[in-house]
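As structure tokens, the structure follows; a few thoughts come after it.
Number of protein chains: 6
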Amino acid sequence: MLIKIINPNTSRPMTEAIERSARAVASMDVVAVTTSMGPASIESHYDEALAVPGVLAEMANADGYVIACFGDPGLDAAREAIAAPVLGIAEAAFHAASFLATRFSVVTTLTRTCVIAERLVRRYGFEAQCGGVHGTDIPVLDLEHGGEPLLRKIEAAAASALSQDRSAAIVLGCAGMAPLCAQLGARLGVPVVDGVAAAVKFAEALASLGLGTSRRGDYATPPAKPYAGFASHLGW
Amino acid sequence: MLIKIINPNTSRPMTEAIERSARAVASMDVVAVTTSMGPASIESHYDEALAVPGVLAEMANADGYVIACFGDPGLDAAREAIAAPVLGIAEAAFHAASFLATRFSVVTTLTRTCVIAERLVRRYGFEAQCGGVHGTDIPVLDLEHGGEPLLRKIEAAAASALSQDRSAAIVLGCAGMAPLCAQLGARLGVPVVDGVAAAVKFAEALASLGLGTSRRGDYATPPAKPYAGFASHLGW
Amino acid sequence: MLIKIINPNTSRPMTEAIERSARAVASMDVVAVTTSMGPASIESHYDEALAVPGVLAEMANADGYVIACFGDPGLDAAREAIAAPVLGIAEAAFHAASFLATRFSVVTTLTRTCVIAERLVRRYGFEAQCGGVHGTDIPVLDLEHGGEPLLRKIEAAAASALSQDRSAAIVLGCAGMAPLCAQLGARLGVPVVDGVAAAVKFAEALASLGLGTSRRGDYATPPAKPYAGFASHLGW
Amino acid sequence: MLIKIINPNTSRPMTEAIERSARAVASMDVVAVTTSMGPASIESHYDEALAVPGVLAEMANADGYVIACFGDPGLDAAREAIAAPVLGIAEAAFHAASFLATRFSVVTTLTRTCVIAERLVRRYGFEAQCGGVHGTDIPVLDLEHGGEPLLRKIEAAAASALSQDRSAAIVLGCAGMAPLCAQLGARLGVPVVDGVAAAVKFAEALASLGLGTSRRGDYATPPAKPYAGFASHLGW
Amino acid sequence: MLIKIINPNTSRPMTEAIERSARAVASMDVVAVTTSMGPASIESHYDEALAVPGVLAEMANADGYVIACFGDPGLDAAREAIAAPVLGIAEAAFHAASFLATRFSVVTTLTRTCVIAERLVRRYGFEAQCGGVHGTDIPVLDLEHGGEPLLRKIEAAAASALSQDRSAAIVLGCAGMAPLCAQLGARLGVPVVDGVAAAVKFAEALASLGLGTSRRGDYATPPAKPYAGFASHLGW
Amino acid sequence: MLIKIINPNTSRPMTEAIERSARAVASMDVVAVTTSMGPASIESHYDEALAVPGVLAEMANADGYVIACFGDPGLDAAREAIAAPVLGIAEAAFHAASFLATRFSVVTTLTRTCVIAERLVRRYGFEAQCGGVHGTDIPVLDLEHGGEPLLRKIEAAAASALSQDRSAAIVLGCAGMAPLCAQLGARLGVPVVDGVAAAVKFAEALASLGLGTSRRGDYATPPAKPYAGFASHLGW
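Right, dumping it as structure tokens:
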């Protein structure tokens, strides 16, 4: 069985880093793909909206899907597209963290995107478990370069969040932070959850149980109709 | 001052009907535009996701904007794009109805889209005021033809909702229902809110007060970056 | 069409200031009236309770009503009294601010009244959008005198609220702050919402759409009955 | 120590019935008073608003107070007026019922007043415990006459509520139902809570513990100021 | 009538202190018992879980019961066991405090147990009224020794909580703090609620009204069945 | 790595059925154990409370744990006991179902236990996703015998729940229903989630990621202390 990870931005180095992280933990086959249209990185509602068509274009030929951007862009639409399970990495990370601590904190990139994560927290029902979402104002693509100063900045934000939120686990709020997960866990001494890894394992879990998106109700295959312009090849 | 109404689907007859309804109530100039890309009608999460780029492409040259689809597709992204006020019609209708009754009910098209409205109710904070969202399973484009049987079907759903939800006002859950608003109000004997009209008047209200989307925080102009594919001309 | 603004306290200078602010933005005719009974200013639950009969006594002879005190005193009762639309200024300001930013902060007068605004936030459903209610401990009637030190005190409280709440718009928590709105907006660089102006425009919007309080359910005309004492002339 | 029960309507027979019910369960001295101003019965937001000044005029000369109308009119203002504990009967009944069952139902008079109780449920925090508020459309003053048909009507509404809400206790939603409490309890076989009795016992409990309304924060004595008209003698 | 107070830990000095506090305020007969099995003090979820069987073993021979540990361990199970009313001290304290102030703060022992109180706040519906739960990191059994330094530590935490939470009453978050209640109230100048006293008075109130746990629904007597091991004598 | 499944009741046949179901889906080694103390089945708050010590006594010698009763008895205490991940089956099933549908329904055994599941729904944050909890009044131990009539009864309850709740997935509300999962899924045509299978896969996922319960905060190892009676050997 194959798990396909879709990087909703167009940065290939990020896709490669995500794929490496995923392969290190996966039991099934894993492939990571880069979208062919949309923003170079996702740092606004606007970027997120423009990333979605590229995500939907990749919804084929796998037994489980992971949308590897912390805003879970296009998750509902992707679930309508296909019966195989689809996981967002924010969703997966929140769920995983809620198994490990009664309160967790999120450390993310630009402060302006905190509201995106906060709304997902509310929508998925983790308001009582999420102590706070904390921006570091590290641009998403700077994560590719890694390095000790970057690590220290995230570590400091995480340590401060644990104390301020009286929380006991950290969720990394960007797919680009996946390669830093192990080091941060070792330094902080609490569980640090990378959504990519969590989503891959949960997608494997569902796929192996034969569970996929319900074909009844709002996730049923959408009514067929004409799509114009860029979307003309995205129907069925 | 000009209010631009964006019909997020590609149906010109619907745009024309929306424009007529809006002009009948507007104090400012009004123009309604049809998106050039995306779905012919919006009846799923998938349709909604593919409609958003077309909405964003229209965000220019007006003093206020209305997104005329009941799922408010692209609302956050549109707000980032420009400082003029942007209203969604679901949002505007919920707000208007909450001024008129302590509980209102929504009557919409396909039952499968009820969850979209229910999530907006929750996200905007109207859980205590919205008694229920009720599908009629009328396809969106069938609304264009109007006629007595259609009107009766919606009237029956609204009457049943008022009783079942113990509510006292009706929100029409589709831009395509705008032309039916006056007749339904007369028949039902309670306020019936058409989101297009409400959004136009609220957009006028904000524009005349000199109020627009905050340029601070998450609605500030997004960081500039390359967009690939269809999105390549949507940056700044 | 006429919009009547009811100042629920007995301060005529405040009524005059409110009327000036309202006329500056109104499209319809506007009149502001001072209640003939009740407290000189509203700075407690007690003041608010005693202000309500005076508000209700003014519910006649207009096409739309605004209750110009930030606790929205008597709003439900006023809606029962008459079919024309009635808006509270807290309500209108919250709704307006929610169109402009994903999070707003309220700056008000006495800290002891913050709880009144906080409960309205909760009751109207703006808990996720309102970042906080902040007292300045400026007595309500001191606002009449205006002046730079007062303006600076409110500006400082607003700036601190924007930062502390990570919010992007300010709601002015007292009708007496209406004359300061434009200056504060210019200084703070974010949308500053005066509830009086917002309520006038929303009342105009509803009135022009032919929408008023539902005559069904709990807002229907109350059952006729004898009222004793001061209330003896307030029945129908 | 003396517990004063304030009947917020002007019906003396109801006051007498309330006093009898209260005396049957009280350990302390009890007196029930009828307001001298306001509505003959409380069956709307409007009635409730006009009842409040009469309640506040009675806030003196006791060691604990009960506001004996199910909308808890004037509760916050009354608490500001004096340091002795003040209980509303809706509040007391909800609290008592929550000690006896994981879910309770409310049976009240006019359906149009259900929303008043529903909002108190929400404001006091009993949303998870209250299964529903059910109107019987019995006018408040009809309760004075009692009798088997009336009892049967309430019993039937309660039995239906228990089943429909899957609840296990009944709250009587009107002070006028106090005399029926014992009979209803015997017939229904579940705890039936009369708010008057519950409020008297809780007021006694607090008074005997030396606990009263906090004099800090929003319940501190309000700032002194002139009150005009009927309210002129209600200051301090 | 007899109120039985169950100390869920095995510390007899704490039981004696609780009994003294309770007798000082009770109108009915009071007896306090120490469980014969379980932890010496309750400072974790684990301790709490192991304390419950000992609580249940004491559910007999009284007209009202109080579970005197701030986590309300075993409350639901105890209510199933018997028809007499059962109160937890956290529950009783929250309810009492909500009658005295619009916002209260909790001051408790170990910070690690704050989450237990926070969950009770949420479960009982006091989220809007509870401003915060504050740990002092005083071990439970240290409370037995009392003394000025201990009192000052709690006083300081309470004063800080009142200010930080903008609250107006204090709830003592441990049965072991009961003897300190009067002194803390005098020093802080706000109502200080001891859950033991509150629970005793509320249990008396319910018992005197003839109200007890509903025998319908989930609190009905559990289905009889074999219990193995330590639990073998706890069936019926 | 070894996943240990703890059956909190003393029924060996149920343990064996659980183990078979788990082995059919597990990638790691699995062992299921029966508690040596407590109730024969769990059908009340009382049963649940008495089952917890037996669960805690089994917390050793594995790399991941599953508590196989739908009330998740002892979950918090179990997490304190050990660093390996611990999953409850209600928790795991809710999480899994939320990945597959926007709304799911729970079908369980005795109606009296619905409130236990409803509280878990609320506590874990699935209120917006769980459409309802439905009792079948099948005693837990009757599930051991299986058979067509039993299957039909559950199928009918599930079909009715899907329609009534407008939901699109089913959660089986008892570990004893695990063997029926595949058949129910085939008959109902929607995803049917068995919590045992879901919890095993999620425990494997966490264990393979090196994630376990945080040792910081409220889940840190509890303070050592004496435990009396049956609990005397349960300390560390």
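Chains L, V, Y, R, W and D supply the protein sequences, listed in that same order. Sequential numbering from 0 applies to the first sequence in numbering that gives the first Met the number 0. Sequential numbering from 0 applies to the second sequence in numbering that gives the first Met the number 0. Sequential numbering from 0 applies to the third sequence in numbering that gives the first Met the number 0. Sequential numbering from 0 applies to the fourth sequence in numbering that gives the first Met the number 0. Sequential numbering from 0 applies to the fifth sequence in numbering that gives the first Met the number 0. Sequential numbering from 0 applies to the sixth sequence in numbering that gives the first Met the number 0. Think of the CB as a built atom: it goes at the ideal place given N, C-alpha and C, for glycine as much as any other residue. Predicted model only: the values in this text are computed from it and were never measured.
Close to L:L86, with beta-carbon spacing below 9 Å, lies no residue of chain V; the smallest spacing is near 16 Å. Counting other Cβ atoms within 10 Å of its Cβ, V:S162 stays below 16 and is therefore classed as exposed. The closest CA to that of D:L187, considering only D:P148, D:L149, D:A155, is found on D:A155.
V:S166 sits in coil when the DSSP states are folded into three classes, being neither helix nor strand. Of all residues in the segment 178 to 198 of chain R, none is placed with a Cβ closer than 9 Å to any Cβ belonging to chain V. A straight line joining the alpha-carbon of D:A77 with that of D:G87 spans about 10 Å. L:A89 places its beta carbon less than 7 Å from that of L:L119.
No Cβ-Cβ contact shorter than 7 Å links W:C173 with W:T110.
Under a 10 Å Cβ-count criterion, L:P190 is classified as buried, with 16 or more other Cβ atoms of the shown protein chains found around its own Cβ. Residue range 85 to 87 is occupied by the beta strand (DSSP E) that includes D:V85, with no alpha helix (DSSP H) assigned at that position. Minimum Cα-Cα distance from L:E57 among the listed residues L:L150, L:I2, L:G130 corresponds to L:I2. Closest in alpha carbon position to L:M176, among L:M0, L:A206, L:G228, L:F69, is L:F69.
Note that the segment 211 to 220 of chain R does not touch the segment 5 to 16 of chain D; fewer than 3 beta-carbon pairs, one per stretch, sit closer than 8 Å. Taking 7 Å as the CB threshold, R:H94 lines the interface with chain W. Look at the beta carbons and you see the segment 123 to 138 of chain D touching the segment 123 to 137 of chain L: at least three pairs across the two are nearer than 8 Å.
W:A167 is the residue among W:A158, W:A61, W:G234, W:A167 whose C-alpha sits nearest the C-alpha of W:A96. Scanning the segment 20 to 101 of chain V from its first residue to its last, the whole beta strand (DSSP E) runs of 3-plus residues come out as 28 to 33, 63 to 66, 85 to 87. Assignment of R:D136 by DSSP, reduced to helix, strand and coil, places it in the coil class.
Of the residues L:Y226, L:G234, L:I81, the one whose Cα lies closest to the Cα of V:M36 is L:Y226. For V:V114, the enclosing alpha helix (DSSP H) stretches over residues 113 to 123. Taking a C-beta distance under 7 Å as the contact criterion, Y:V199 and Y:A21 qualify as a contact pair.
Contact of Y:E126 with chain V by beta-carbon distance below 7 Å involves G124.
For V:F201, there is no enclosing beta strand (DSSP E); the enclosing alpha helix (DSSP H) covers residues 194 to 207. As a beta-bridge residue in DSSP terms, R:S104 pairs with R:G131, R:I169.
Taking 9 Å as the upper bound on Cβ-Cβ separation, chain V lies near residues T101, R102 of the segment 99 to 113 of chain D. In the three-state scheme derived from DSSP, where H, G and I count as helix and E and B as strand, Y:A227 is classed as strand. Residues of chain D whose Cβ lies closer than 9 Å to the Cβ of L:G63 do not exist; the shortest such Cβ separation is about 10 Å.
Excluding residues up to 5 positions away in sequence, M27, D62, A206 lie with their Cβ nearer than 6 Å to the Cβ of R:M0 in the same chain. For D:L1, the three-state secondary structure derived from DSSP is strand. Within the segment 160 to 178 of chain D, no residue has a Cβ lying closer than 9 Å to any Cβ of chain W. For V:G146, no chain Y residue has a C-beta closer than 7 Å to its own C-beta; the minimum C-beta separation is roughly 24 Å. Secondary structure note for D:R215: it is in no alpha helix (DSSP H), with a DSSP letter that is neither H nor E. Under a criterion of Cβ atoms nearer than 8 Å, the residues of chain L adjacent to V:E79 are, in order, S43, H44, Y45. Inter-residue distance for D:I169 and R:I66 is about 47 Å (C-alpha atoms, whole angstroms).
The C-alpha of L:I17 lies about 12 Å from the C-alpha of L:A197. With fewer than 16 other Cβ atoms inside 10 Å of its own Cβ, D:H144 counts as exposed.
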